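Structure record follows, encoded as structure tokens.
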Amino acid sequence: MNSTNLEYVKGLKPDAHISGQDILEEGIKMGKSIPLGQSRFVRESEYANLLELIKDCTQKGEVRWNILMGLASLEEQVEATGKLYDFTQRTGFKIHHLQPIPSGVIALPKEYRDKAPSTTSYVMDGYDEYKVQVEAAPIDVTFNDYHLASPSGLETTVHAIRAGATLIGEFSQITWGYPGYDDDITRFSNMVKALGIIASKKDENVMVKTYLDDGYAGYFMDCASYVGYAMLEHYICTGLCGARYIIAYGGLLSENDIRLGIAMALHKALSTQDQPALHYVNSSTNLQWDHDIDANYGMSVQELLFAILVEKKYRIGLGVNPVSITEKIAVPTLHELINILAAGKRAEEKAEEWLPFMDFSPLEEMRDVMMEQGKKMFDNVIAGFKLAGINVEDPLEMILALRYMNPLMFEKIFHPTTFDSDEAEIKPFYPTVLAKQTIEMREGIIGKLTKAGLGDVLKDKKIVVASGDAHTYGLILVEGVLKSLGAEVINGGVDTDAADLLDLADEEKTDIVCISCHNGQALDYARQLAQLAKERSKDYQMFMGGVLNSILPGDSEPTDVSGMLKEIGIHAENDLLASVKIMSSQKK
């Protein structure tokens with residue numbers, strides 16, 4: 003690690019704090035007094051917990067199916083869960099797990115929620131609202147998004163365990179920020195305590211879950227980095243905290259070989275007889291159309307089939323999470339989720355006929371390279387952190403260092419092709435979709451802009467860009483395009499609070515700000531921006547893009563709000579060419 007990078011990593015060391023090991027022990031002690039509830043799934047199935055189900059399906063060669071669902075109200079969510087189960091009874095298509103997607107406001111302590119932008123999903127306020135979900139059907143229900151790593155993660159972890167959930171996530175969401183909340187020491191001390199609670203229930207098979215794409219991996223240029231980073235999370239969860247750890251991933255990956263090569267590498271590197279490494283691979287949305295929607299079945303079913311084939315061939319314990327063909331444009335309805343599940347299950351019926359014609363040897367080669375290079379990256383992180391004085395035996399210090407670190411810098415510093423080198427550019431072994439598509443889309447957009455005579459039209463412009471949620475893809479793309487047109491771009495990062503975005507613009511002495519939104523918070527976020535601008539008596543040029551929908555009062559499904567955003571004073575063309583033309587006409 004060169005001297006510049008070493009100084010950067012040294013700067014990540016947290017200020018003096020209570021011992022993470024002491025906090026962990028508090029959590030373990032606390033966990034022993036918290037009873038693990040019995041869900042309807044446990045009472046009405048042959049399994050005592052999710053892990054038993056995973057092991058049994060793997061041994062039998064049975065593909066597991068997972069559904070993600072987050073509707074507008076708790077009542078609708080519970081009713082839809084029952085309808086999902088009715089569908090399985092009518093068709094014989096088993097659903098093994100249901101992962102609720104609640105509103106992001108549950109990540110915050112209640113006193114912070116009023117200032118948080120509302121999203122398109124339901125809010126949970128206490129244990130009873132967990133219990134009603136696990137009682138809705140004899141399907142395993144897990145609580146992952148906005149739980150373990152959030153400001154309210156200790157409380158929500160306790161609720162989930164008491165309700166009978168044996169899978170708590172998402173570890174990867176340590177990178178996520180929350181409007182109005184910035185007490186990292188309290189937040190991550192509570193996370194370590196929650197890890198202790200989960201560790202205390204290791205014999206009851208309670209597990210920590212991660213969804214890699216929601217954190218560091220969402221920034222990576224190399225798929226081998228997925229494996230290296232997962233090894234690091236595994237080290238913290240299992241090595242330091244003594245908790246079981248299981249992995250889901252895939253939403254940002256669209257090449258079938260890479261998607262399944264990662265699964266095979268993670269399995270080979272981390273699975274044991276007692277603890278499988280894999281939960282599910284998520285369908286991708288990178289190649290979905292936002293027009294002629296039915297055509298997306300073509301992309302979805304081939305992904306599902308390839309995952310099914312690999313699981314049947316190798317029995318690595320990989321579940322499948324089908325994603326609605328409308329995912330790119332709106333939160334899916336129950337009907338849309340049932341449709342994609344049915345399509346995947348029908349593909350599974352004929353899958354074994356494909357196996358004699360399949361040559362998986364290139365996948366095995368990919369697995370071995372990813373595992374080897376991932377292990378090198380993990381070793382580099384531990385060596386680099388030690389050299390920088392970070393206590394790699396303290397789970398709180400490790401989590402805080404990762405919280406403070408820029409994920410792009412993480413990969414650049416510790417990647418096997420750049421560590422202990424002056425080489426600044428990563429040479430991916432297997433480029434991620436983010437790497438390939440960002441470059442391809444950026445060049446395509448730049449080509450159009452150049453053709454339109456806008457090649458250096460933003461020269462001398464300073465522009466602040468940020469994401470209102472945890473999504474990085476659009477942010478990286480927009481930053482690259484604006485820079486190529488001559489702009490000085492200030493990246494405000496992800497999960498950026500509206501006030502912080504305008505504060506950054508004021509500090510940088512610019513009035514041009516761009517915000518990316520995807521999780522249904524576009525309208526609330528825009529209203530906050532407009533109100534703050536009014537209070538500051540400043541005329542900002544505000545651009546918003548991404549998935550510009552919100553749930554309006556009285557509705558259950560999201561509505562395109564781009565017209566309403568324009569009425570508020572936001573440029574919501576959602577078209578970079580149009581936005582650049584507007585930016586270029588501004589005086590500043």
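Heads up: the sequence shown at position 52 corresponds to 54 in our numbering, and the numbers run straight through without jumps.
Even glycine gets a Cβ: it sits at the ideal position worked out from N, Cα and C.
Nothing here was measured: the structure is a model prediction, and the numbers come from that model.
In this structure, the straight-line span from the alpha carbon of I448 to that of L404 is close to 34 Å. The Cβ neighbour count for Y406, taken over all protein chains shown within 10 Å, is under 16; the residue is labelled exposed.
Taking 8 Å as the cut-off, the Cβ atoms of N68 and Q101 count as close.
Between R42 and P140 the beta-carbon gap is near 5 Å, inside 8 Å, which marks them as a contact. Counting only unbroken stretches of 3 or more residues, the beta strand (DSSP E) elements lying wholly within the stretch 246–284 are 246–251, 280–284, in sequence order. A165 sits away from L197, with the two beta carbons spaced by 8 Å or more. Taking 8 Å as the cut-off, the beta carbon of E413 is found closer than this to the beta carbon of I428. Your pair S558 and A74 checks out as a contact, with CB atoms roughly 4 Å apart and the cut at 8 Å. Beta-bridge partners assigned by DSSP to E490: K464. The beta-carbon separation of Q175 and D215, rounded to 11 Å, does not stay under the 8 Å limit for a contact. The C-beta separation of G319 from I56 comes to about 6 Å, placing the pair in contact by the 8 Å criterion. Measuring C-alpha to C-alpha distances from G241 to each of E46, V210, Q61 identifies V210 as the nearest. Residue state for L169 is assigned as strand, using DSSP reduced to three classes. When the alpha-carbon of M373 is set against those of A574, V563, M266, M126, the nearest one is in M266. Taking 8 Å as the cut-off, the beta carbon of L479 is found no closer than this to the beta carbon of D458. Partner residues in the beta bridge of Q543, as assigned by DSSP, are I514.
Judged by DSSP in its simplified three-state form, T90 adopts helix. The residue among D541, I572, L554 with its C-alpha nearest the C-alpha of G522 is L554. A Cβ-Cβ distance of about 38 Å is found for the pair Y180 and D424, leaving them out of contact under the 8 Å criterion. As computed with DSSP, L100 is found in a beta bridge with I69, V143. The beta carbon of L343 is closer than 6 Å to those of P324 in its chain, skipping five residues each way along the sequence.
V65 is positioned such that its CB atom lies no closer than 8 Å to that of V134. Annotated as distal: V491 and L503, with beta-carbon spacing of 8 Å or more. K453 sits exposed, since fewer than 16 C-beta atoms from the chains shown fall within 10 Å of its C-beta. Pairwise C-beta distances place the stretch 102–111 out of contact with the stretch 354–371, as fewer than three of them are shorter than 8 Å.
Contact annotation: E235 and F190 have beta-carbon atoms that are not nearer than 8 Å. Look at the stretch 398–464 and you find these whole runs of alpha helix (DSSP H), each 4 residues long or longer: 409–416, 435–453. Note that the C-beta distance between Y299 and A250 is not below 8 Å.
Residue pairing by DSSP places D562 opposite N551 in a beta bridge. Boundaries of the beta strand (DSSP E) harbouring T212: 209–213, taken from the DSSP string. Relative to A524, the option among M566, G495, D88 whose CA is nearest is M566.
Around the beta-carbon of H293, fewer than 16 other beta-carbon atoms lie within 10 Å, marking it exposed. Here V312 is not bridged, per DSSP, to any residue. Just so you know, the alpha carbons of E305 and S21 end up roughly 45 Å apart. Here D296 has I327 as same chain residues with Cβ atoms under 8 Å from its own Cβ, once five neighbours each way along the sequence are excluded.
Distance from the CA atom of P430 to the CA atom of M223, rounded to whole angstroms, is 7 Å.
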